[in-house]
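Q: Quick note on numbering: the sequence shown equals residues 1 to 208 in the UniProt record's numbering. Every residue, glycine too, gets a C-beta built ideally from N, C-alpha and C.
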Amino acid sequence: MRIATVGGSALAYVLLNSGHELVEDLDSAECIILQADHDELPTLVEEVAPHVSKGDIVIHTSLTHGPQVLDPVEVRGAVVASAAQLRPDTWGVEALDEVGLTVAQVLISDSGGNVIELSGDTRGPLIARVAYSNITWYLAAWAEMDVVQEIRGVDVPLLPEVLPGEIREAYRYIEDIGQQQAYSDVVRLLTERGKLPDFRWTGMEWQE
Numbered sequence: 001m002r003i004a005t006v007g008g009s010a011l012a013y014v015l016l017n018s019g020h021e022l023v024e025d026l027d028s029a030e031c032i033i034l035q036a037d038h039d040e041l042p043t044l045v046e047e048v049a050p051h052v053s054k055g056d057i058v059i060h061t062s063l064t065h066g067p068q069v070l071d072p073v074e075v076r077g078a079v080v081a082s083a084a085q086l087r088p089d090t091w092g093v094e095a096l097d098e099v100g101l102t103v104a105q106v107l108i109s110d111s112g113g114n115v116i117e118l119s120g121d122t123r124g125p126l127i128a129r130v131a132y133s134n135i136t137w138y139l140a141a142w143a144e145m146d147v148v149q150e151i152r153g154v155d156v157p158l159l160p161e162v163l164p165g166e167i168r169e170a171y172r173y174i175e176d177i178g179q180q181q182a183y184s185d186v187v188r189l190l191t192e193r194g195k196l197p198d199f200r201w202t203g204m205e206w207q208e
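1. Tell me which residues share the same chain as S111 and place their Cβ nearer than 8 Å to its Cβ, disregarding the 5 neighbours each side in the sequence.
2. Quick check: the region 65-76 against the region 41-52, are there 3 or more CB pairs under 8 Å?
3. Measuring straight from C-alpha to C-alpha, what distance separates T5 and S62?
4. Quick check: the region 79-96 against the region 120-137, are at least 3 beta-carbon pairs closer than 8 Å?
5. Helix, strand or coil for I116, going by three-state DSSP, please let me know.
6. Could you tell me the alpha carbon to alpha carbon distance between L70 and E192, rounded to whole angstroms?
7. Does the beta-carbon of A81, which I'm using as the reference point, lie nearer than 7 Å to any heavy atom of the ligand NAP?
8. Consult DSSP for V80 and reduce its assignment to one of helix, strand or coil.
9. What is the C-beta distance between G165 and D37, in whole angstroms, given that I count them as a contact (C-beta under 8 Å)?
10. State the Cα-Cα distance for the pair P72 and E144, rounded to the nearest angstrom.
11. On the CB-based measure, 16 or more other CB atoms within 10 Å of its CB, does G66 come out buried or exposed?
12. According to DSSP, simplified to helix, strand and coil, what is G194?
13. Using C-beta distances below 8 Å, list every residue in its chain close to I3, excluding the 5 sequence neighbours before and after it, in chain order.
14. So for A10, helix, strand or coil by DSSP?
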């Protein structure tokens with residue numbers, strides 16, 4: 001299958017490693033995978049829509065958005081789904097219909113991944129937990145990277161970009177006060193290390 005990726009994603013990497021072909025031309029792609037920060041994804045979908053034809057597959061990888069954000073391409077006849085990475089080998093999939101769900105499940109399963117079916121009700125509670133797991137992992141990985149650079153005097157590959165909009169949106173789903181504090185502490189550490197924009201704490205939200 002000819003796959004185009006906009007924004008890059010771990011899902012695209014998995015699919016390409018399983019034999020699919022990467023193409024740059026969106027018009028010739030049979031499957032388009034979108035990755036963007038929470039606030040930017042709706043605009044990206046609108047920009048991609050003119051390149052989508054009936055029967056194309058369009059998947060986004062944001063956990064903070066459901067498949068409804070893909071409506072502009074769905075009305076053009078695309079098969080749509082969201083597929084967010086929950087663990088290195090596990091993806092949370094949600095679709096508007098059985099066709100989209102089946103297509104996403106088959107693509108991921110055939111590439112060696114595991115699939116968990118999500119819905120609006122089940123996706124919400126996962127958002128904060130996955131985001132907290134990711135940012136604590138990033139914090140540890142960046143610390144290790146700094147040590148390697150200092151001791152060995154060599155550069156190491158940069159880690160994937162943390163998406164600040166996803167982090168901010170995830171906080172809204174944390175109900176426990178202790179978890180809110182732990183989450184915000186890690187975000188502040190990442191901000192101090194220059195890995196996130198300078199979030200200002202105002203009430204229950206971060207504002208850039």
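A: On the basis of the supplied data:
1. Numbered from 1 along the sequence shown, position 111 holds the residue referred to as residue 111. Cβ contact annotation for S111 (same chain, cutoff 8 Å, sequence separation greater than five): V14, L15, N17, S18, in chain order.
2. By the Cβ criterion, the region 65-76 is in contact with the region 41-52, since at least three pairs of Cβ atoms, one from each stretch, lie closer than 8 Å.
3. Residue mapping note: residue 5 aligns to position 5 of the sequence shown, counting from 1. Residue mapping note: residue 62 aligns to position 62 of the sequence shown, counting from 1. The straight-line gap from Cα to Cα measures roughly 14 Å.
4. The region 120-137 makes contact with the region 79-96: 3 or more CB pairs, one atom from each, lie closer than 8 Å.
5. In the sequence shown, residue 116 corresponds to position 116, counting from 1. In the structure shown, I116 sits in a strand (DSSP, three-state: E or B).
6. The residue you call residue 70 lines up with position 70 of the sequence shown. The residue you call residue 192 lines up with position 192 of the sequence shown. For L70 and E192, the gap between their C-alpha atoms comes out near 35 Å.
7. No copy of the ligand NAP appears in this structure; indeed no ligand is present at all.
8. Looking up residue 80 in the sequence shown gives position 80. V80: strand per DSSP, three-state reduction.
9. For this step, residue 165 is matched to residue 165 along the sequence shown. For this step, residue 37 is matched to residue 37 along the sequence shown. Sure, about 4 Å apart at Cβ, within 8 Å.
10. The sequence position of residue 72 within the sequence shown is 72, counting from 1. The sequence position of residue 144 within the sequence shown is 144, counting from 1. Taking the straight line from one Cα to the other gives about 42 Å.
11. What you label residue 66 is simply residue 66 of the sequence shown in a count that begins at 1. Flag for G66 reads buried.
12. To locate residue 194, count along the sequence shown from 1; it is residue 194. Coil at G194, not helix or strand.
13. Here residue 3 refers to the residue found at position 3 of the sequence shown. These residues qualify, in order along the chain: A12, L15, L16, H20, E21, L22, V23, A29, E30, C31, I32, I33.
14. Within the sequence shown, numbered from 1, the residue matching residue 10 stands at position 10. Looking at A10 - three-state DSSP - the assignment turns out to be helix.
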